[in-house]
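Be aware that the sequence shown starts at 3, since it is given in our numbering, and climbs by one per residue. Virtual Cβ for every residue (Gly too), placed ideally from N, Cα, C. Since the model is a prediction, treat every value here as computed from it, not as a measurement.
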Amino acid sequence: MAEFEKQPLVSNQQVEAHGVYSAASAFPYDVAQLQSIVRTRKLDEFKKNFQSVDNLVEKMKSHPVHGLSSSEIQMRKEAFGINKIEPPPPTPFWRLMLDALNDTTMIILIIASVVSMILTTTVIKPKELEWIDSVAILVAVVVVVMVTSCNDYSKEKQFRALNAQKDDKTMKVIRNGSQQEISVYEVVVGDIVVLGVGDQIAADGILIASNDMKVDESGMTGESDEIKKSVEKNPFLIGSCLVTGGSGLFIVTAVGKNSIYGDILLTLQENDEETPLQAKLDELAKIIGYVGIGSASMTFLVLIIEFFFKQDFHKAENYVIWVNYFILAITIIVVAVPEGLPLAVTISLAYSMKQMIKDQCLVRKLESCETMGSVSNICTDKTGTLTLNQMRVVRARFGKTSFIQQGTTPLGKDVKEKVNEDTRKYYNLISSVCSTAEIKPDSSGKRVVVGNKTEGGMLLLSEEMGCDYVTYRKALVVGNQPEGAIHHKFDFSSERKRMSVVLKGKEFSANSGIKLDDKLYVLAKGASEMMLDKCTKIQLEDGSIVSLTSQDKTQIEKEILTFAEASLRTLILAYKEADMNTSLEADALESDLILSALVGIQDPLRPAVKQAVADCHHASITVRMVTGDNIITAVAISKDAGILPQGLNVDQAIAEKRAITGPEFAKLTDQEVDAMLPTLVCMARSAPKDKYRLVCRLKANNMVVAATGDGSNDAPQLKAANVGLAMGIAGTEVAKEASDMIIMNDAFDTIVKAIAWGRTVTANVRKFLQFQLSVNVVALLIAFLGAAVVEESPLTSIQLLYVNLIMDSLGSLALATEGPAKNVLDCPPIHRSASIIAPGMLRNVIISGAYQIIVILCMMFEGACGNGFTVVPDSLYPVGLVDAETIKHFKELRQTYRYTVVYNFFIMVQIFNEFNSRRLNNEVNIFEGITKNFMFCGVIISTAVFQVIIMLVPGIRDVFGVYSCGPSALKPCKILTAPNSISGASWAVSICMAAGIMIVHLLGRAFIKTDKEFPVSEKRVAKDMEKIRKREQAQREKEEEELINRKKNFTDVAK
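#1: For Ser-212, count neighbouring C-beta atoms within 10 Å of its own C-beta (all shown protein chains included) and say buried if the count is 16 or more, exposed if not.
#2: Straight-line CA distance for Gly-507 to Leu-700?
#3: Does DSSP put Cys-860 in a helix, a strand or coil?
#4: Beta-carbon within less than 7 Å of Ser-511's beta-carbon, same chain only, minus the 5 sequence neighbours each way: which residues are those?
#5: Under a three-way DSSP split, which group does Arg-1007 fall into?
#6: Looking only at DSSP bridge pairs, what is Cys-381 linked to?
#7: Please classify Phe-936 as buried or exposed, where buried requires at least 16 neighbouring CB atoms within 10 angstroms.
#8: How close, in whole Å, do the beta carbons of Ala-686 and Asp-642 come, if the pair is a contact with beta carbons under 8 Å?
#9: I want to see whether chain B comes within less than 8 Å of Ile-832, judged by CB atoms only; does it?
#10: Which whole-angstrom value is the C-beta distance of Ile-203 and Cys-243, which I expect to be below 8 Å?
#11: Consult DSSP for Cys-469 and reduce its assignment to one of helix, strand or coil.
#12: Rounded to whole angstroms, what is the Cα-Cα separation between Asp-716 and Asn-806?
#13: Apart from the five residues just before and just after Ala-614, which ones in its own chain have a Cβ nearer than 7 Å to its Cβ?
#14: Determine the direct distance from the alpha carbon of Ile-984 to that of Leu-895, and round the result to whole angstroms.
#15: Look up Arg-1 in the DSSP assignment and say whether it is helix, strand or coil.
#16: Compute the beta-carbon to beta-carbon distance between Val-504 and Leu-522, rounded to the nearest angstrom, for a pair I have assumed lies under 8 Å.
#17: For the beta strand (DSSP E) containing Val-490, name the first residue and the last one.
#18: With burial defined as no fewer than 16 other Cβ atoms inside 10 Å of the residue's Cβ, what is the status of Thr-556: buried or exposed?
#19: Skipping 5 residues on each side, what residues in its chain have a beta carbon closer than 6 Å to that of Gln-604?
#20: Do three or more CB pairs link the segment 838-845 to the segment 992-1005 at distances below 8 Å?
#21: Rounded to the nearest angstrom, what separates Phe-29 and Leu-239 at their Cα positions?
#22: Measuring straight from C-alpha to C-alpha, what distance separates Glu-1020 and Lys-1029?
#23: Would you tell me roughly how many angstroms separate the C-alpha atoms of Gly-247 and Gly-453, rounded to the nearest one?
#24: Within 10 angstroms of its Cβ, does Gly-468 collect 16 or more other Cβ (buried), or is it exposed?
#25: Answer yes if the segment 281-299 comes into contact with the segment 349-356, meaning at least three C-beta pairs across the two stretches below 8 Å, and no otherwise.
#26: Using the rule of at least 16 other Cβ atoms within 10 Å of the residue's Cβ for burial, across every protein chain shown, is Arg-1031 buried or exposed?
#27: To which residues of the same chain is Gln-772 closer than 8 Å at the C-beta, ignoring the five residues directly before and after it?
#28: With DSSP as the reference, please indicate the residues paired to Ile-335 in a beta bridge.
#29: Count the other C-beta atoms from every protein chain shown that fall within 10 angstroms of the C-beta of Gln-64, then say buried if there are 16 or more, exposed otherwise.
#30: Which residue's Cα is closest to the Cα of Ser-404: Ser-434, Val-826, Val-417 and Val-144?
#31: Could you tell me if the beta carbon of Val-503 falls within a distance shorter than 7 Å of some heavy atom in the ligand ATP?
#32: Tell me which residue opens and which closes the alpha helix (DSSP H) that Ile-87 is part of.
#33: So what does DSSP say about Leu-573, is it helix, strand or coil?
#34: What would DSSP say about Ser-299, mapped onto helix, strand or coil?
#35: What residue range does the alpha helix (DSSP H) around Gln-654 cover?
#36: Please state whether DSSP places Ala-568 in a helix, a strand or coil.
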């Protein structure tokens, strides 16, 4: 690489000559020229236009070692754009209103109301105010549409914010001479980006340094094989592709909409997918809708028949009655069709996802939020999930001396005093060079590990021994090659359980001052059992090197066992010298090693893990730990976490089929694995393929599985699991892309919180459904009975529309935003094939509906049974001799008064009914946690206030068709003795009888106990499994189609 000298972006001469300048003028290449590098991907053309990679880096005023400076970033954004694809503009509010109006029943209702208004204002009684009812219905439709549109707008706004957070990632770049982690949105053209296994390439660019880097480009080009990348032959990197092997550095040449991926994204649109719960509710909504249509048809038919026999339908004024009957029938359909059910699911999902972010869980796929409620098995990693991922070496063996940390005294201090400098030198060399972790001060000034925590633990021991790992790292730089002193790297893999670096001794020694010969130095670290087999010599405390005898190996194996029983992760660090012309074969280079040190690394259990595991067991969820640690460490940590019982030793755990190693698991047949599933909870020394197989076998046995993962190799198991949980801190971009949720703090107790929220989503939808059914059934029955017995519905069209508003829009807001109840984990997982209607819900709906119907019938037909019960005041009964017209007017007033009390009771009882609907099963306390749900409290208070306004405010009373008399009434009242509005006694009757529903529910829950769920038949399970298979097949076909489209678009963009 040519020598680089960092040049200023804009010279003083430029500023003096022009006074001002454009950001783009500071660079010799424009956006189109830089775009062409990756779009054409022709090395000859690249060399022709840009000469070399070195020249490109220099001309773009970047540097392979120092990167960019912070002061340049804004100018580069202005010149070449930002690394973000702006989402399409939000749906305009007017469009949401049109969508809400795009409902057949609503349109028919509007047309019928307009016809009625025209008839009442032109043909029939034009001087009277009969048109108020029609106008009121139109206003009610507008209100319903506005509320629905506002809900949709709020929902879209929330999901857009969640998607923006979901798509954000962190990348490693070199800026100001050091590695920094930044948001992918902050990457700019000219940035030097650091890539490793599992990283997603942030933008288009060209490789400037590589160590056996391989990239999966199948998502863009359709090429299924991994593509090997090198500076000399194939340096072109396409944004969004995944690094599957090796490491490297690249310079960014195109970002955002100027990159190939960005260009393709602009042509692709994501479609909203229906979740399983929404599909279930759609089926139920159709059934309820059919019942509503049947009820409306019967009500209309009964009214018409009665009208036919009692009225002269040839009179012009009777056409209005016909139209009003039709409006009532349509209104019944509007009320009956539960359009609030899908809204309840959406609101509950949006609310839950927002709250889950606060609990450090980011939902990437909507369906997973529901599925978490049915999870019966959790396959979890150990490191960082069950443990804090705060690694520190607390035990070590150098030569034949063992060291144990005592109190707060650093272990390294003791090692430094007793171990020769030459022996320590190789430990420091291996821990510094065979790692990428760094130790940096946090905001409080405390030094913390950034990067791989195991590597960080070894670096901390080096620091305790007085070593500055940064000096070792800087010695790797040769000229402008960031890792010029490294001859080759063999990366860590879950199969190899080790990694190694081949170091050029002469180059490293020249830069560091540390004496090394002109040879290759193989520096290796890995799992203790495997590394011990690779060692034939050992370096003693005094620096001498001797053969590693069988007795020595036996002693070291005992030490490893001791470390493992103390729940420590054990690693061996080793090295050897090799000739410069040695073949670069891993097996040859990583053999005959000299054992430098054995370390025992402590990773404390997270404080909340034991309780979280206990909560899972209480909720009938099996926790299975799958780890790469040896069987002794795995069993010890499983006992500490409560996954395995205390007092169980390793042999017992294996004998009882509770624990197994990955290699042994791989030998088992599927039938043998299935036989172990009821007891197997701990798998040690596992490879990703073992985790994948375990997940698949659990699913094959109809279990719902959540699986965690952080590495690139974990992607298959994350995709295979019902819910894939990637780690937000330790997780690679490959793992995150394959996941359904991201656990942002990597903590196991966050998974348990996600399960609680998953169960809450279903519970909230059930609460709303319970409330809606109890209102629906009563409204339909009362409308029909009123039509059949008294030739009219006691609830008018405008009143029914208002009930629909309370029941659908406001009801979903109140009940779909409940948080997890305290007892949410007291029951087994909800079976995916379980009915959406639970036994407790059915009991509650029947009790609620029966109580409301009985009370309303008593109010409607007061005094019919001679029981003295009355809601109508005496002042509405004529006294003395009155004419027939006055008697008729008295009768009409009494009927209106009676129906008004019925309506007032019906609204008030729904307020108390919403409290009852907060509990589904046999729980008695319906007020628990109510103060935490501000939305519920707001809906209850606003409903009560609006009802008082409707009943008391002049003018509004007439609009809603409630009793109104006196000078303030819009429609004149001929009886001067009549009260202006319903009396205080009638209010008391309405409220007291409405509150009585709470007592009835309490008695019902106390004496009629129900099961949590209805039994699920095998036929139903088989049917649902077939649906799941079809959905998964459809998803695969969709992904394949998307891949084909991307490949086509990629070809088009490249052209």
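This is what the structure gives:
#1: Locating residue 212 in the sequence shown gives position 210, counting from the first residue. Looking at its Cβ environment, which holds 16 or more other Cβ atoms inside 10 Å, Ser-212 is buried.
#2: Start at 1 with the first residue of the sequence shown, and residue 507 comes out as number 505. Start at 1 with the first residue of the sequence shown, and residue 700 comes out as number 698. A direct Cα-to-Cα measurement between Gly-507 and Leu-700 gives close to 51 Å.
#3: Position 858 of the sequence shown, counting from 1, holds the residue named residue 860. Of the three classes helix, strand and coil, the one that applies to Cys-860 here is helix, per DSSP.
#4: Here residue 511 refers to the residue found at position 509 when the sequence shown is read from its first residue. So the list reads Lys-517 and Leu-518, once near-sequence residues are dropped.
#5: Working through the sequence shown from its first residue, we reach residue 1007 at position 1005. Helix.
#6: Position 379 of the sequence shown, counting from 1, holds the residue named residue 381. According to DSSP, which records beta bridges pairwise, Cys-381 is partnered with Arg-626 and Ala-709.
#7: Numbered from its first residue, the sequence shown carries residue 936 at position 934. Exposed, because fewer than 16 other Cβ atoms sit within 10 Å of the Cβ of Phe-936.
#8: For the purposes of this step, residue 686 is taken as residue 684 along the sequence shown, with counting starting at 1. For the purposes of this step, residue 642 is taken as residue 640 along the sequence shown, with counting starting at 1. Not quite, the Cβ-Cβ distance comes to about 15 Å (not below 8 Å), so this is no contact.
#9: Checking the listed chains, one finds no chain B in this structure; it contains a single protein chain.
#10: Residue numbering aside, residue 203 sits at position 201 when the sequence shown is read from its first letter. Residue numbering aside, residue 243 sits at position 241 when the sequence shown is read from its first letter. Going by Cβ atoms, the distance from Ile-203 to Cys-243 rounds to 5 Å, so yes, they are a contact pair.
#11: The residue given as residue 469 occupies position 467 in the sequence shown. Coil, per DSSP.
#12: By 1-based counting over the sequence shown, the position of residue 716 is 714. By 1-based counting over the sequence shown, the position of residue 806 is 804. C-alpha separation (whole angstroms): 49 Å.
#13: Position 612 of the sequence shown, counted from the first residue, corresponds to residue 614. Cβ within range, chain order: Phe-750, Asp-751 and Val-754.
#14: In the sequence shown, counting from the first residue as 1, residue 895 sits at position 893. In the sequence shown, counting from the first residue as 1, residue 984 sits at position 982. Each residue's alpha carbon lies about 11 Å from the other.
#15: Here the chain comprises residues numbered 3 to 1057, so residue 1 is not present and cannot be evaluated.
#16: Stepping through the sequence shown from its first residue, residue 504 is reached at position 502. Stepping through the sequence shown from its first residue, residue 522 is reached at position 520. Correct: roughly 5 Å between the Cβ atoms.
#17: Taking the sequence shown and counting its residues from 1, one reaches residue 490 at position 488. The residue you asked about is not Val; residue 490 is His in the sequence shown. Counting along the chain, the beta strand (DSSP E) containing His-490 begins and ends at 488-492.
#18: Here the question's residue 556 lines up with position 554 in the sequence shown. Exposed.
#19: For this step, residue 604 is matched to residue 602 along the sequence shown. These residues qualify, in order along the chain: Arg-394, Val-396 and Leu-570.
#20: No, the segment 838-845 is not in contact with the segment 992-1005.
#21: Counted from its first residue, the sequence shown places residue 29 at position 27. Counted from its first residue, the sequence shown places residue 239 at position 237. Using only the alpha carbons, I get a separation of about 22 Å.
#22: Within the sequence shown, residue 1020 is the residue found at index 1018, counting from 1. Within the sequence shown, residue 1029 is the residue found at index 1027, counting from 1. Glu-1020 and Lys-1029 have their C-alpha atoms roughly 14 Å apart.
#23: Numbered from its first residue, the sequence shown carries residue 247 at position 245. Numbered from its first residue, the sequence shown carries residue 453 at position 451. Taking the straight line from one Cα to the other gives about 18 Å.
#24: Within the sequence shown, numbered from 1, the residue matching residue 468 stands at position 466. The residue in question, Gly-468, is exposed, as its Cβ has fewer than 16 Cβ neighbours within 10 Å.
#25: no
#26: Counting from 1 along the sequence shown, the entry for residue 1031 is found at position 1029. Exposed is the call here.
#27: Reading the sequence shown from its first residue, position 770 is the one you call residue 772. Here the set comprises Met-843, Asn-846, Val-847, Ser-919 and Leu-922.
#28: Counting from one through the sequence shown, the residue named residue 335 turns up at place 333. According to DSSP, Ile-335 bridges with nothing at all.
#29: For the purposes of this step, residue 64 is identified with residue 62 of the sequence shown, where counting begins at 1. The sequence as given places Ser at residue 64; Gln does not occur at that position. With 16 or more Cβ atoms within 10 Å of its Cβ, Ser-64 is classed as buried.
#30: Residue numbering aside, residue 404 sits at position 402 when the sequence shown is read from its first letter. Per the Cα distances, Val-417.
#31: This structure lacks the ligand ATP, and indeed carries no ligand of any kind.
#32: Numbered from its first residue, the sequence shown carries residue 87 at position 85. Element bounds for Ile-87: n/a, residue is neither H nor E.
#33: For the purposes of this step, residue 573 is identified with residue 571 of the sequence shown, where counting begins at 1. DSSP places Leu-573 in strand when its eight states are reduced to three.
#34: Against the sequence shown, residue 299 aligns to sequence position 297. The answer is helix: DSSP assigns Ser-299 an H, G or I state.
#35: Sequence index remark: in the sequence shown, residue 654 carries index 652 (1-based). Per DSSP, Gln-654 belongs to the alpha helix (DSSP H) from 652-657.
#36: Locating residue 568 in the sequence shown gives position 566, counting from the first residue. DSSP places Ala-568 in coil when its eight states are reduced to three.
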